[in-house]
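Numbering of the sequence shown is given in the UniProt record's numbering, commencing with residue 1 and proceeding in unit increments. Heads up: the structure comes next, in structure tokens.
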Amino acid sequence: MAQAQACSAQWAAAKAHAPVQVMVGRARFLLCVSCVCPWGSFGYKGMPAVPILHGLADEMAQVYASTPRSVIDRAISAALVHISDRERVPLSEFVCQRDYGQACPQGWADVGDAGNCSAPAGYDGPCPAVVNFSTRG
């Protein structure tokens, strides 16, 4: 709830600024709700596809028809970086499309006990070598 209020406050403040700042504010607001409404992938030169942003640039281009697409793309990219920094979520987390129907992440092995997964050989990430993903989420 607090995050939704913060997003609303950001949006109200952004409306008082120039059109590009309004677009950044709208992109930030949409990113706030993106975990509820995934949008697929978004491509911008120099930035990998981000599944939660699919269609956002097209939607904003319709609303801001006189604004060059490159400006819209940069505004969305800036909003994504801002949210990533603020929430302390690495940008790489936005790139992966998750399939929570699988017992283990791609490349990990199900150890056969209804939940524990073993990291691939040579794994050097933040998780332990064996993780119970059945209780995550």
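Ideal Cβ placement from N, Cα and C applies to all residues, glycine included.
Sequence-distant residues of its chain with Cβ nearer than 6 Å to V130 (five each side left out): N116 and S118
Residues that residue 138 bridges to, as DSSP identifies them: The chain is shown only over 1 to 137; residue 138 falls outside these bounds and no answer can be derived.
Endpoints, the beta strand (DSSP E) within which V130 is located: V130 to N132
For L53, the three-state DSSP class (helix, strand or coil): helix
Spatial neighbours of L91 in its chain, beta-carbon cut-off 6 Å, leaving aside the 5 residues before and after: S84
Closest residue to P120 among R69, T135, S70 and C104 (Cα-Cα distance): C104
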